[in-house]
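First the structure, in the form of structure tokens, and then the observations on it.
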Ligand SMILES: C[S@@+](CC[C@H](N)C(=O)[O-])C[C@H]1O[C@@H](n2cnc3c(N)ncnc32)[C@H](O)[C@@H]1O
């Protein structure tokens, strides 16, 4: 240790120590949010008005002593409001929209199982830092796969058909008339199913290299009643089956691939001459200096544990990272031979890129 403590500015030390303690409080409380999700505590609080710990425990079939401690953590973090006069706890409707309603556009609770999966692979990640080896997507704790579906599905339900498809040149009309669509790196198929529900004349195939995700996607499509126009297959993007697609989509997966240029090049071959490539990626600026904010911080953390190891586990091992930014992403598409490419639209969380052969 080579710090000379006599030269430190004590106020700066104290200020940063306060920040580090607040971060630790948030990080440990994230495990409490996970419990609130798994045990249905937020669901039971939503719209219920003020409840005592005993009432919440009764409604969720849990033990009061644990619930009381959990509520104290939630109150001290500002998640629930504590009414000291009658010792009750209330989840404001605005907080319920974020924590308890999977159909809400503001819902974020799916991120907490992803954090659990990141912790589950933390020692493996430390080893990967030392060896430089990758960690395959399939090697992670399964809470990653359902968490990703839960965190992205609200974006697709509320933005994909409403905002992103209309931002692409002529794609809405083509899907309405009947198009052939590939959803590459589809995971549990949330985006594929949203598109299939909106465009009944079109035919969709979701591809992913992770076989368990493909099995889950097939079941989800059947459950959603769109199994007649949606199929799912295990396949890597670099060897994408099929040809003459009108639209090929990559939702939050191009940067997870070992060789994004090879994946995009194969897509170009598989597209119809007048087809469209849609690439949705995490929002980011072109350089780290533009990304020094909390949303990028979250994405960089995911990139450390999930995205970069996934890429480094595959042929190419380019390690694009989840914060590549628009210039680098459009350059990848250019290297793959796409003549026309642009940022079609963007949101606080996503960049929506369009490319044509
Ligand atoms: C962050 S998840 C996104 C899943 C889905 N698109 C969504 O938005 O919910 C990334 C997905 O890319 C898949 N993937 C990674 N590399 C791949 C490759 N080379 N070919 C096909 N799929 C790949 C992973 O298996 C994983 O399902």
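Numbering (my numbering), first residue to last: 46 to 402.
Idealized CB from N, CA, C, for every residue including glycine.
Quick caveat: nothing in here was measured; it's all calculated off a predicted structure.
Taking the C-beta atoms as reference points, residue 237 is found no nearer than 8 Å to residue 223.
Ranked by Cα distance from residue 220, the options 249, 231 and 196 are led by 249. In this structure, the beta-carbon distance from residue 188 to residue 147 does not fall below 8 Å. Counting only the Cα atoms, residue 129 lies some 24 Å from residue 67.
Here the region 137 to 157 makes contact with the region 78 to 97; the two share three or more CB pairs at distances below 8 Å. Going by C-alpha positions, residue 348 is about 5 Å away from residue 367.
Between residue 135 and the set 113, 376, 98 and 94, the nearest pair of CA atoms involves 94. For the set 269, 388, 192 and 138, the Cα lying nearest the Cα of residue 375 is the one of 388. Of the residues 321, 98, 118 and 61, the one whose Cα lies closest to the Cα of residue 77 is 118. Residue 58 is classed as exposed because its beta carbon has fewer than 16 other beta carbons within 10 Å across all chains shown. The three-state secondary structure of residue 321, taken from DSSP, is strand. In the assembly as shown, residue 167 is an exposed residue. Its beta-carbon has fewer than 16 other beta-carbons within 10 Å. According to DSSP, residue pairing for residue 135 in a beta bridge involves 126. For residue 253, the closest alpha carbon among the candidates 272, 270 and 283 is that of 283.
Residues 155, 158 and 159 of the same chain have their beta carbon placed closer than 6 Å to that of residue 192, with the five preceding and five following residues left out of the count. With a cutoff of 8 Å on beta-carbon distance, residue 259 and residue 239 are scored as not near each other.
Contact between residue 321 and residue 399 holds, with the beta-carbon distance rounding to 6 Å and staying under 8 Å. The shortest CA-to-CA distance from residue 277 to any of 107, 301, 314 and 228 is the one to 228.
With fewer than 16 other Cβ atoms from the protein chains shown falling within 10 Å of its own Cβ, residue 55 counts as exposed. Taking the C-beta atoms as reference points, residue 354 is found nearer than 8 Å to residue 180. Residue 399 sits in a strand when the DSSP states are folded into three classes. Separation of residue 324 and residue 262 (C-alpha to C-alpha, rounded to the nearest whole angstrom) is 20 Å. Comparing alpha carbon positions, the residue from 275, 164 and 340 closest to residue 392 is 340.
As DSSP reads the structure, residue 250 sits in a beta bridge with 227 and 276.
The alpha-carbon of residue 273 is positioned some 43 Å away from that of residue 101. Rounded to the nearest angstrom, the gap between the Cα atoms of residue 336 and residue 122 is 26 Å.
Sixteen is the threshold: when 16 or more other Cβ atoms of the shown chains lie within 10 Å of the Cβ of residue 230, as they do, the residue is buried. In the displayed model, residue 178 falls within coil according to three-state DSSP, outside both helix and strand. Assigned with DSSP and collapsed to three states, residue 365 falls in coil, not helix or strand. Counting other Cβ atoms within 10 Å of its Cβ, residue 73 stays below 16 and is therefore classed as exposed. In this structure, the straight-line span from the alpha carbon of residue 379 to that of residue 141 is close to 43 Å. The closest heavy atom of ligand 1 lies 7 Å or more from the beta carbon of residue 206. Our two residues, residue 50 and residue 124, have alpha carbons roughly 38 Å apart in a direct line. Placement of the Cβ of residue 364 at a distance of 7 Å or more from every heavy atom of ligand 1 is found. Here DSSP, grouped into helix, strand and coil, assigns residue 387 to strand.
Residue 298 carries a coil assignment under DSSP once its states are collapsed to helix, strand and coil.
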